[in-house]
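Scroll down for the structure; my scribbles are underneath it.
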Amino acid sequence: GQQVMQIPQYQHVQEGEDFTTYCNSSTTLSNIQWYKQRPGGHPVFLIQLVKSGEVKKQKRLTFQFGEAKKNSSLHITATQTTDVGTYFCAGPEGNEKLTFGTGTRLTIIP
Amino acid sequence: GAGVSQTPSNKVTEKGKYVELRCDPISGHTALYWYRQSLGQGPEFLIYFQGTGAADDSGLPNDRFFAVRPEGSVSTLKIQRTERGDSAVYLCASTLTGELFFGEGSRLTVL
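Set out below in structure tokens:
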């Protein structure tokens with residue numbers, strides 16, 4: 065079955081530094097979604113990318129979908145303490161079954 | 057309701073017992089998903105409903121797990137003869153257009 069891997073597994077950054085997480089799928093994806101899960105919380109949808117090479121921005125967050133539609137990245141500029149959490153990418157297997165990545169846990173050092 | 061509601065929020069049971077976990081999706085959402093999440097792991101797909109029917113149940117680990125959605129709204133995840141390895145947070149999510157809206161989860165602990 066489809067596998068979705070993310071690196072790094074953990075990332076500790078000083079507040080104000082940038083952060084990037086990378087997502088790689090074993091299969092070509094029709095789209096990719098990103099979710100954020102705060103400690104003790106549930107995953108919350110951030111964004112969906114559909115087109116090859118697509119780049120979308122949400123304030124300090126930049127999302128990119130690879131040209132081959134098998135990888136994606138999330139970059140956060142100038143991290144803040146509110147960015148703490150685990151970031152998951154998720155891609156559909158077939159039409160509807162959404163497979164989540166392994167996640168990148170971000171901690172911020174004030 | 058305003059969001060996806062899951063009950064109970066916490067369930068402690070003994071090995072071998074039967075448990076039911078309930079999910080009330082966002083009104084009007086046709087698709088409903090169940091995931092299982094262990095500590096430090098990503099959500100693991102269990103089953104997906106489109107309307108009343110299970111469109112994909114390939115993630116159910118074995119025949120002790122079963123889920124229903126008889127009227128296309130509320131869903132119940134049923135686990136028979138629970139084992140310690142079933143301990144996890146069971147997440148329910150619903151969607152209309154693809155992005156998932158998750159509930160707070162039901163934390164199951166099997167002693």
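Order-wise, the sequence lines are chains F and X.
As numbered in this note's numbering, residues 65 to 174 make up the first sequence, in order.
As numbered in this note's numbering, residues 57 to 167 make up the second sequence, in order.
Note that CB positions come from ideal geometry on N, CA and C, so glycine has one too.
The structure presented is a predicted model; accordingly, all values stated were derived computationally and were not measured.
Runs of beta strand (DSSP E) with 3 or more residues, each lying fully within the segment 117-159 of chain F, are found at 119-122, 125-129, 135-140 and 149-157, listed in chain order. Between residue 79 of chain F and residue 145 of chain F, the CB-CB gap stays under 9 Å. For residue 76 of chain F, not one C-beta of chain X is nearer than 9 Å to its own C-beta. Within the segment 74-98 of chain X, the complete beta strand (DSSP E) runs of at least 3 residues fall at 75-80 and 87-93. Against chain X, the beta carbon of residue 163 of chain F has neighbours under 7 Å at 101, listed in chain order. Among the residues of the segment 101-116 of chain X, those with a Cβ less than 9 Å away from any Cβ of chain F are 101, 104, 106, 111, 112, 114 and 115, in the order of the chain.
A straight line joining the alpha-carbon of residue 68 of chain X with that of residue 97 of chain X spans about 21 Å.
Neighbours of residue 97 of chain F in chain X, taken as residues at a C-beta separation under 9 Å, are given in chain order as 154, 155 and 156. Restricting attention to F/115, F/117, F/119 and F/97, the CA atom closest to the CA of residue 109 of chain F is found in F/97. Put simply, the backbone Cα of residue 93 of chain F is about 12 Å away from that of residue 153 of chain F. Taking all protein chains shown into account, residue 89 of chain X has 16 or more neighbouring C-beta atoms within 10 Å of its C-beta and is therefore buried. Interface criterion met: the Cβ of residue 106 of chain F is under 9 Å from a Cβ in chain X. Residues of chain X with a Cβ closer than 9 Å to the Cβ of residue 83 of chain F do not exist; the shortest Cβ-Cβ separation is about 18 Å.
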